[in-house]
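Engineer:
Protein chains in written order, with my numbering: chain A, 1 to 569; chain B, 1 to 377.
So this is what it looks like as structure tokens:
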């Protein structure tokens, strides 16, 4: 650290490092430090991911042959329900916002913590309680409704629907509190000089995500409460026997769960915006377009839920309107993709692990997005609805998009979070295997789906066997790739080189504090720069990383002294 | 915005020039206040959306079955609803007054206002308990347990409902507990404890005030009904005949397929129905508005799939609202404790303000619920 001690931001003593500044189990369990909470979330969501991933492999193994191998039909239903529910509620929704977001949002703002640290910890424990509730309920008796809890099956099946829905209710509040915290933090705690359009794009994406979390999740809350009331008290709202309407449940459910799809993908997009710019060493192309498109996706996302229900018996006019609105969401998504590509153009693109993950994201997300157009079009959706085409489509977006983006983000910020550099060679290998395995798993599923293979079936006709086997082999390759990625990260903890404060040459504020950051993040409020201006950064070798040399040291006063504090008006 | 450079190196508590109520991660009290207030507004947005699901269900089923809504809402007692509305509006006033007291550093005024607000909440719940238990007694339950009213029409419930007694156990225990605590605090001359226990005792007692008022209104309504029935027997008899003619007319219109369909649905719908539903005259006694030609016959409305659905939505909406009142009482109690300890002053009154916002929202939701459920006819 001594070499960079002249720069005030780097002069933080290593012993203040948030990982070791206090010790003992309780210092973690009761911590209010957003960085520790973020890390605890990271461990939690990755455990959930590991569990649900193993379940996915079980499903794929069963599908190697058209006949029964080791799962009965009923068990197959239970396993895919568990896989979907854990992945959605315990992993994807909290993954980027709660784990990376918690760690990064305050640091990127140059703040000491989120606005409500206690609420933040409360949110984490709600997640834990919800997860325990959810898992014990489902493992104890076997829920087989699918993660969507569609009525009337969910109101008549023997499974533990009430316990599972209450778990979802609690998890929903965890998500709401995280989103609420971020909105307030970003609104009121931006440092002097950081106007809305000087925020890193990750914060824009997080802000858009948080808006959805705050606006959509309560509707899920009341929906699952009504579902629980339906089962316990027979309130009849979703029950045709009492003149209720099961399709109403689908409307309520997708009013949350479609925006929730954007809760899953938007933060991933935010990560990619950062990664693209930093590892191309070039200012982001179309900053405002990317920022506005995040908000546009969040708002459009509320208007398209009906496209999950084209075959549920809605009026024709309604389906046409929902279809047209669905296509409108593709515009802001495409804007993002084009801007990322334009960012790379004439940049100094480094094909390191992080960049490879980011490129994989763009490739896979684009396939996922484009295949969505077939599902958004009424005529083709009639045929493709509830086939493997749908499965492949949303896995390209959720896994190829969110998970790969999340991994890219973890690799990118790993040195900041842990203070250790990982092995680049093995990192690249992991990315390559993940990429190949992923495509091998899900490309055949597009083919199967378009040929009529329905989803959620344990048995199938023999014609599909080859494609199913390709998919299953791919799943195991994907599993190996993810396992290697985990190994690379864990290895770095013990054998990794010490990370400099700024190993990649990022210009956002988190790279101005030490790696790992001290407990209080910044001893003095950091200097607010242009988040994507790389000209003042100079490379000082692998050990010292990049250093910020103020180009206009004499050109005081800078913006931050002139501009009034925007946060408090 | 003035910026205090003294804060720049202050990352822990207890630094000089660092008020005790200021959390370490905020720059100044103003930022802390703004963050808290904005956070509360965000929370209120989630609350509105939480209720929106039920308002949607309400709008949907009311637009599909308007006749069910007019029929079923007559079983709700508008007088009790109106009384509760006034109580909640008054509690909003005391809450707002409390915020003002906190801002002016009037500790006693704040404690008094919080006490009044808590007492109003308690009265509200007392009245609600009477309303609920009365409905449970006469089978006005969610769809799955709804008992068609023509079966219940001739059954009278005298005295206090056993449900009401069960519901009142917890408040009664609270009265005993708080009275004991208050007595102990006074005896021991613990001023602060007495200042907390006293208002809580009043709150617990207010529940029984609500119950009393509720029973009073309920009995008055029943007496009025009985009197009306008795006095206008002649007229109602004629109206009944007229109504039954219309009903017959309607049935003839729909023809025999309608009749079989009708038989099927009611067979499915009315579980545990012991008395047949042929006695149109009895039904007419329950319903005040005479049937229009072509309208859905009351035998179809007065079913789990009809009025039962209304009561499902009624219980969901008012029940979740009552839970919010209970939650509000918990945070009001927390405020009361802090107010007694003198935590609030001109510079630090944020929590009172935030809870006030929440309380106003809960009131506002009731302002919507009251006309939408009680004032339909």
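No residue lacks a Cβ here, since even glycine has one placed at the ideal position from N, Cα and C.
Remember, predicted model here, so these are calculated numbers, not experimental data.
What's the C-alpha gap between residue 186 of chain B and residue 369 of chain B?
Structural biologist: So the alpha carbons of these two residues sit roughly 42 Å apart.
Engineer: Just to confirm the assignment: which complete alpha helix (DSSP H) runs, minimum length 4, are found wholly within the segment 84-145 of chain B?
Structural biologist: Taking only runs of at least 4 residues, the alpha helix (DSSP H) segments lying wholly in the segment 84-145 of chain B are 107-137.
Engineer: Is there a Cβ of chain B sitting closer than 8 Å to that of residue 420 of chain A, yes or no?
Structural biologist: By this cut-off, residue 420 of chain A is not an interface position.
Engineer: Identify, in the order they occur along the chain, each residue of the same chain with its Cβ nearer than 6 Å to the Cβ of residue 360 of chain A, setting aside the five sequence neighbours on each side.
Structural biologist: Here the set comprises 404 and 435.
Engineer: What in chain B is Cβ-close to residue 187 of chain A, meaning under 7 Å?
Structural biologist: The answer, in chain order, is 38.
Engineer: Could you spell out where the alpha helix (DSSP H) holding residue 62 of chain A opens and where it closes?
Structural biologist: Here the alpha helix (DSSP H) through residue 62 of chain A covers 34-62.
Engineer: For the segment 335-353 of chain B against the segment 95-104 of chain B, do three or more pairs of beta-carbon atoms, one drawn from each stretch, fall closer than 8 Å, so that the two count as touching?
Structural biologist: As far as the Cβ criterion goes, the segment 335-353 of chain B touches the segment 95-104 of chain B, which means the pair count is three or higher.
Engineer: Closer than 8 Å is the cut-off here; do at least three beta carbon pairs connect the segment 129-144 of chain A with the segment 73-87 of chain A?
Structural biologist: Yes, the segment 129-144 of chain A is in contact with the segment 73-87 of chain A.
Engineer: Near residue 409 of chain A, what residues of its chain come up, given a Cβ to Cβ distance below 6 Å and the 5 sequence neighbours on each side ignored?
Structural biologist: So the qualifying residues of the chain are 100 and 271.
Engineer: Is it true that the CB of residue 200 of chain B sits closer than 8 Å to the CB of residue 333 of chain B?
Structural biologist: It is a contact, given that the beta carbons lie within the stated cut-off.
Engineer: For residue 300 of chain B, count neighbouring Cβ atoms within 10 angstroms of its own Cβ and tell me buried if that reaches 16, exposed if not.
Structural biologist: By the neighbour-count rule (16 or more Cβ atoms within 10 Å), residue 300 of chain B is buried.
Engineer: State the start and end residues of the unbroken alpha helix (DSSP H) segment that holds residue 356 of chain A.
Structural biologist: Counting along the chain, the alpha helix (DSSP H) containing residue 356 of chain A begins and ends at 353-376.
Engineer: Quick check: the Cα distance between residue 139 of chain A and residue 376 of chain B, rounded to an integer number of angstroms?
Structural biologist: Rounded to the nearest angstrom, the two C-alpha atoms are 47 Å apart.
Engineer: Give me the DSSP bridge partner(s) of residue 537 of chain A.
Structural biologist: BP columns for residue 537 of chain A point to A:548.
Engineer: Please name the residue in B:30, B:160 and B:25 whose C-alpha comes closest to that of residue 350 of chain B.
Structural biologist: It is B:30 whose Cα lies nearest to the Cα of residue 350 of chain B.
Engineer: Using a Cβ-Cβ distance under 8 Å, would residue 85 of chain B count as near chain A?
Structural biologist: No, residue 85 of chain B does not count as interfacial toward chain A.
Engineer: What residues from the segment 156-187 of chain B come within 8 Å of chain A, judged by C-beta to C-beta, listed N to C?
Structural biologist: Within the segment 156-187 of chain B, no residue has a Cβ that lies closer than 8 Å to any Cβ of chain A.
Engineer: Determine whether the beta carbon atoms of residue 258 of chain A and residue 304 of chain A lie at a separation below 8 Å.
Structural biologist: Against a cut-off of 8 Å, the Cβ pair of residue 304 of chain A and residue 258 of chain A comes out as a contact.
Engineer: If contact is defined by three or more beta carbon pairs under 8 Å, each pair taking one atom from either stretch, is the segment 108-124 of chain A in contact with the segment 186-200 of chain A?
Structural biologist: Yes: at least three Cβ pairs fall under 8 Å.
Engineer: Cα separation between residue 457 of chain A and residue 387 of chain A?
Structural biologist: Rounded to the nearest angstrom, the two C-alpha atoms are 10 Å apart.
Engineer: I'd like the ranges of any alpha helix (DSSP H) spanning at least 4 consecutive residues and lying wholly in the segment 78-137 of chain A.
Structural biologist: Those alpha helix (DSSP H) runs which fall completely within the segment 78-137 of chain A and span 4+ residues are 102-108.
Engineer: With distances taken from CA atoms, which of B:77, B:96, B:126 and B:97 is nearest residue 170 of chain B?
Structural biologist: Closest option to residue 170 of chain B, Cα to Cα, is B:126.
Engineer: Write down the C-beta distance between residue 307 of chain B and residue 111 of chain B rounded to the nearest angstrom, noting that I regard them as a contact closer than 8 Å.
Structural biologist: That pair is no contact at about 45 Å.
Engineer: Do residue 113 of chain B and residue 97 of chain B come within 8 Å of each other at the CB atom, strictly closer than that value?
Structural biologist: Yes; because the gap between Cβ atoms is below 8 Å, this pair is in contact.
Engineer: Does the separation of the CB atoms of residue 310 of chain A and residue 385 of chain A fall below 8 Å?
Structural biologist: Yes, these two residues count as a Cβ contact at 8 Å.
Engineer: Considering only residues of the segment 152-204 of chain B, which uninterrupted alpha helix (DSSP H) runs meet the minimum length of 4 residues and lie entirely inside it, listed in chain order?
Structural biologist: Whole alpha helix (DSSP H) segments, 4+ residues: 162-167 and 169-187.
Engineer: Starting from residue 275 of chain A, follow the alpha helix (DSSP H) in both directions and report where the run begins and ends.
Structural biologist: Here the alpha helix (DSSP H) through residue 275 of chain A covers 246-280.
Engineer: Unbroken alpha helix (DSSP H) runs of length 4 or more, entirely within the segment 291-343 of chain B: which are they?
Structural biologist: Whole alpha helix (DSSP H) segments, 4+ residues: 298-301 and 307-340.
Engineer: Which complete alpha helix (DSSP H) runs does the segment 429-500 of chain A hold, if anything under 4 residues is left out?
Structural biologist: The segment 429-500 of chain A contains these whole alpha helix (DSSP H) runs: 465-495.
Engineer: If you reduce the DSSP assignment to three classes, tell me which class residue 29 of chain B lands in.
Structural biologist: Three-state DSSP puts residue 29 of chain B in a helix.
Engineer: If you draw a straight line from the C-alpha of residue 170 of chain A to the C-alpha of residue 102 of chain A, how long is it?
Structural biologist: Each residue's alpha carbon lies about 19 Å from the other.
Engineer: From residue 309 of chain B to residue 260 of chain A, what does the alpha carbon distance come to, in whole angstroms?
Structural biologist: Looking at the two C-alpha atoms, the distance is approximately 30 Å.
Engineer: Would you say residue 24 of chain B lies against chain A (beta-carbon separation less than 8 Å)?
Structural biologist: Answer yes: the Cβ-Cβ gap between residue 24 of chain B and chain A drops below 8 Å somewhere.
Engineer: Residues in its own chain within less than 6 Å of residue 262 of chain B by CB, not counting five upstream and five downstream?
Structural biologist: Note that residue 262 of chain B scores a pLDDT of 39, beneath 50, so its modelled location is shaky; the value from the coordinates is reported in the next line. For residue 262 of chain B, where only same-chain residues beyond five positions count, there are no Cβ hits under 6 Å.
Engineer: Which residues in the same chain have their Cβ closer than 8 Å to the Cβ of residue 238 of chain A, if we skip the five residues on either side of it in sequence?
Structural biologist: Only 151, 152, 155, 226, 227, 230, 244, 245, 246, 248 and 249 meet the Cβ criterion.
Engineer: By DSSP, does residue 518 of chain A sit in helix, in strand, or in coil?
Structural biologist: Three-state result, residue 518 of chain A: strand.
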